[in-house]
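Residue numbers (numbering that gives the first Met the number 0), protein chains in the order written: chain R, 0 to 274; chain P, 0 to 313; chain S, 0 to 413.
The next block holds one structure in the form of structure tokens; read it before the comments.
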Amino acid sequence: MTKAKKSLVCWALLSPFLLVVLFPYATMLSTSLKQKDEIFTFHRTWLPRELYLGNFAELIFEKGFGRALANSLAISVGATVLSLAVAIPAAYALTRMRVPGKGALTNYLLITQMISPIVLIVGLFRMFAYFGLVNSLLSVIIAHSAFFMAFAVWMLQSYFATIPKDLEEAAWIDGAGRFSAFIRVFLPLCLPGIVVTAIFTFVNSWNEYAMSLTLLRQVTQQTAPVQIAFLTGTLYQIEWHLIMAATLLASVPVAIVFASIQRYLIGGMALGGVK
Amino acid sequence: MPGIEKTAPRRALSAGRSSKMGLPGPAFALILIAPCLLLSVAVIGYPIFDVIRMSLFDVSRTGVVREFSGLANFAKAFADPVFLQAARQTVIWTVCVVAGTLLVSVPIALILNEDFYGRTIARTIVLLPWAISLAMTAVVWRYVVNGDFGTLNMTLAALGLPFENYPWLADARMAFLIEILIGILVSVPFTVTILLGGLTSIPESLYEASAIDGAASTRSFYYITLPLLWPFMQIALVLNVIYVFNSFPIIWIMTNGGPANRTDILITYVYKQAFAFGKLGNAAAGSMVMFAILLVFAIVYLFLTRAQGAKNDD
Amino acid sequence: MGKKFLAALIVGTATAAASLHSGSAWAKETVRVRVAEYSTKTGPFFQGLAEKFNSANPDIEVKIEHLPWPEMQQQLVSDISAGTAPDVSHMATRWMAGFAKDGALAPIEGLMSPGFADTFVPTYLDLQKQGDHTWGLPIAASARGLFYNKKLLEQAGVANPPATWDEAFEAAKKIDALGEGVYGIGVQGRDLDTEGYWFYSLWTHGGSILGPDGKSGFASPEAVTATNNYLRMIKANVTQPGVTGSSREDLQNLFAAGKMGMVLSGPWFNAQLAEQGKDVEYGISRIPVATTEATYGVTDTIAVLESSKVKPQAMKFLEFIFNKENRLEFGKLEGFVPVLKAESTEPFFTENPNMSVFLEMGSVAKFAPLFPRWEEMADGLKTELSRIYAGEVSAEEGLKQAAAKMDAILAEEE
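Pasting the structure below:
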């Protein structure tokens, strides 16, 4: 089979699923280009009356959605960095060293994933409030890291396990310290795995809602998902035109990230062995 | 997950060698692990304690813990037919979404693993559902399936199908089905990513060897791909079970557990108890039951994979 | 304690300084006020009021926090339990009883200036009272009426908006027959206020939520008739399809698109129609009657929390937002009926037929009871209603279940 023919077959097989994925996006695009009085009409149409970009402008200039995106970005980047900063040493120790109580630790991490944050929200809030950490982006970064880190440890552990030990050992023999061997030899080898883990954490944090809502009470601190929820939460009417525009906007950064890390995503996974 | 440990045979070898190198002892290892453990215990530890405590006490609607009530909250939960109904529906929800996700994800991962034109675009599109938070996905879909204004009926009607104003969420079975399908849709990106990782780790040489042996591609799928992919499917299975079991926004936003509690699952039940009815003690007891169910699942899983691992070692 | 002492010291110094520099920022007491959003205009409106208030009262700084309704309960519970509750919070009146019972709210009768309580329409203020205390102020009040699409009624040959339920049924049949995608009358089957939609029928058939014996009135013969009133419309297919999947917004959206002949809703709907249903010519009449004239009166409450350290200042702000001018502006913005006596005579309410009808119906308004566990009772009712509307159980059977649940909760509470 030629590559062209194979491509055709692949796309044909994928198309039902791709259609389902893209359908809500088409809906978002269509609705976000409509004006408020076009949403509920007797005869529904896909196409807006005219190409109207006012909803995007209203979101960014009046509703402060740009700021919400920036808050989300700050939190997601912060949570990713913090998670990795604690997960990398832990995963390294778990794969390369003899750790007393290793099984217990792994089980504990699995257990922390079993309880939904929604269930824990009251206790979580009480604790953060007690320490005066409400209304600070940092508190959300800490909370996200704590919840998403377990997954990062697993992922990293499995990547690390696939890196041949000989390479590091060779570096030690060459006189490099363990730390510099870790930095110069080990880390670069695991980079794809780390990137993939980072993406998982970033996406989870970017989309997280309950903790951000509860821990951040000031309008200026709202994250994108929270602000979108605020648009749906008014009592008497839902601002669909704005919601669709906002959702579309919020998904763009993540989509760009996905497109640009394909190389790592697959290359990183090629090392395999998620554990 | 011991079942997967087998994918890294190198480890036993290197571990044996490292002890001769005079590595830093367990103390150093603990130092490396400490920040991770501390962060987790500090943030999640107290809330877990709080839930356990509330489940055993009489709690006011504002969270004031009053007197110890033993297992009264649990008794109340189990006496509530809606709780039991929600528990049954949780099982249906979890099994359908997780199984459906795997069924959809395996072929997609296999296709995306092929070398074809536009593969990067296809992969990006497959990952797109992940780019929107679950809550927003649910909000958008609620609009999509709206009877009179939704884009789904608009499209179906334009294709000549009799769905002019079909109310998708009015019937509990249909509503639950739609929620399950959306659950599958949003779980696919994560699962495909994990499976793709597994597929790319299968050395090309294995297939070449089997091609030389004249194995048909279906045979090589069953004898090479599937066994090598199995550990990755297991991970996807375990993580998806945990995530889907606890998944709140899709059902909450699309049907709120209705009509007549037919789409309630435990997490929506617990949320209603806590924040709509002010029964924090009951909610905490419900959460503990949820946790126990997942724990049993994890133990059974570990037991099975261990047994399987032992069998393979024979 | 040290902090308090310091604060006292600062207050003392600042009072002295304030006599020299009026408007000094030193001794400001912060009052946190949380409002829930009726529309996206609610937050900015209160923000504006706070700015006005702050500049007139240099010793108080009001900070507005606004939240969407669906998150209000969760956030309030989390906040009260963590000791971070605002000083003043907006809530649905039906939650008030529960919070008051658990000691989260401060009684305000002693905080109000003399005569302030008398500026309210008594019906609405009385709803905020329980036991011997007043627990809040009625920040929003609404009555409900029948919105009808004039053009559809005319096309269907219905001369006047229906005054009785039988007329409404006949009109709905005729309108529904007009063609594809046009529905006679809306019946709500899910989410917020589903029980309210049923109360319209219950009360106008002479039923009541609480029977004369102090037990649930959900299963009374009147309640069964009231339910069958909607059921006949559903069975005759003159409602929108999929009643059990239709929320209040869904019904309003259908009406705004000109697809629905009649729907029962409140004054806020005028605001949506002005924006999203410009082409719909509509009128509002009283809720159709079987035996008794009635409407559903609903208020929301704004209350001072027991944990607040600045209750007098909080009250001062509340008195400010409840002055005639500010209330009128709020009423115009969100479309609520007047809660102040002085507002009731304003031309905005009396001369606009789309507002005056709600005002007139105020005298026949009935209200949901203030039980601490009302939400649970209403949820049980909602569940049974959706089974009844779906045709799974008869009205008698379903309502018996709902009544049993309500009675069980009532018995537990005693």
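Yeah, the Cβ is synthetic: ideal placement off N, Cα and C, and Gly gets one too.
Residue environment analysis places residue 42 (chain R) among the exposed positions, since fewer than 16 neighbouring C-beta atoms fall within 10 angstroms of its C-beta. Restricting attention to beta strand (DSSP E) runs no shorter than 3 residues, the segment 117-193 of chain S encloses them at 136-141, 144-148, 182-184, ordered along the chain. Boundaries for residue 58 (chain P): no alpha helix (DSSP H) harbours it, while the beta strand (DSSP E) harbouring it runs 56-58, taken from the DSSP string. Here residue 299 (chain S) is bridged, per DSSP, to S:91, S:139.
Residue environment analysis places residue 0 (chain R) among the exposed positions, since fewer than 16 neighbouring C-beta atoms fall within 10 angstroms of its C-beta. Within chain R, the C-beta atoms nearer than 8 Å to that of residue 275 (chain S) come from 35, 36, 38, 39, 236, in chain order.
The Cβ atoms of residue 104 (chain S) and residue 135 (chain S) lie closer than 8 Å to each other.
Using a 10 angstroms sphere on the CB of residue 164 (chain S), the tally of other CB atoms reaches 16 or more, which defines it as buried. For residue 111 (chain R), the C-beta contacts it makes with chain P under 7 Å involve 39, 43, in order along the chain.
Positions of the alpha helix (DSSP H) runs, each at least 4 residues long and wholly inside the segment 209-248 of chain S, are given as 220-234 in order along the chain. Along the segment 193-224 of chain R, the positions whose C-beta sits under 7 Å from a C-beta of chain S are 212, 213, 216, read in chain order. Inside the segment 151-214 of chain R, DSSP marks whole alpha helix (DSSP H) runs of 4 or more residues at positions 164-172, 177-180, 186-206, 209-214, from first to last along the chain. Against chain R, the beta carbon of residue 85 (chain P) has no neighbour under 7 Å; the closest one sits roughly 14 Å away. One thing to note: residue 255 (chain P) has its Cβ within 8 Å of the Cβ of residue 189 (chain S).
Residue 260 (chain S): member of the beta strand (DSSP E) spanning 259-264, first to last residue. When the Cα atoms are used, residue 31 (chain R) and residue 99 (chain S) turn out to be separated by approximately 43 Å.
Cβ-Cβ distances below 8 Å link residue 251 (chain S) to 262, 264, 268, 271 in the same chain, with the five nearest sequence neighbours on each side left out; the list follows chain order. By the CB criterion at 8 Å, residue 142 (chain P) and residue 239 (chain R) fall inside the cutoff. By the criterion of at least three beta-carbon pairs nearer than 8 Å, the segment 272-290 of chain P is not in contact with the segment 225-237 of chain P.
In the DSSP annotation of this structure, the continuous segment of the alpha helix (DSSP H) that includes residue 110 (chain R) starts and ends at 101-113. Along the segment 124-142 of chain P, the positions whose C-beta sits under 8 Å from a C-beta of chain R are 124, 125, 126, 127, 128, 129, 130, 131, 132, 133, 134, 135, 136, 138, 139, 140, 142, read in chain order. Taking a beta-carbon distance threshold of 8 Å, residue 308 (chain S) does not count as an interface residue toward chain R. Beta-carbon to beta-carbon, residue 19 (chain R) and residue 125 (chain P) are separated by about 11 Å, too far to satisfy the 8 Å threshold.
Under a criterion of Cβ atoms nearer than 8 Å, no residue of chain R is adjacent to residue 93 (chain P); the nearest Cβ is some 13 Å distant. Following the DSSP letters along the chain, one finds residue 99 (chain P) in no beta strand (DSSP E) but inside the alpha helix (DSSP H) bounded by residues 80-112. Within the segment 213-230 of chain P, no residue has a Cβ lying closer than 7 Å to any Cβ of chain R. As the crow flies, the alpha-carbon of residue 242 (chain S) is around 41 Å from that of residue 257 (chain R).
Taking 8 Å as the CB threshold, residue 268 (chain P) stays off the interface with chain R.
Looking at the backbone, the Cα of residue 194 (chain R) and that of residue 176 (chain R) are separated by about 25 Å. In the three-state reduction of the DSSP assignment, residue 35 (chain S) falls in the strand class. At a beta-carbon threshold of 8 Å, none of the residues of chain P lie near residue 128 (chain R); the nearest stands roughly 11 Å away. By the neighbour-count criterion, in which 16 or more other beta carbons inside 10 Å mark a residue as buried, residue 67 (chain S) falls on the buried side.
Between residue 133 (chain R) and chain S, the shortest Cβ-Cβ separation is below 8 Å.
In summary, residue 51 (chain S) is exposed, with fewer than 16 beta-carbon neighbours lying within 10 Å of its beta-carbon over all protein chains present.
DSSP places residue 60 (chain S) in the uninterrupted beta strand (DSSP E) bounded by 59-67.
Under DSSP, residue 28 (chain S) shares a beta bridge with S:59.
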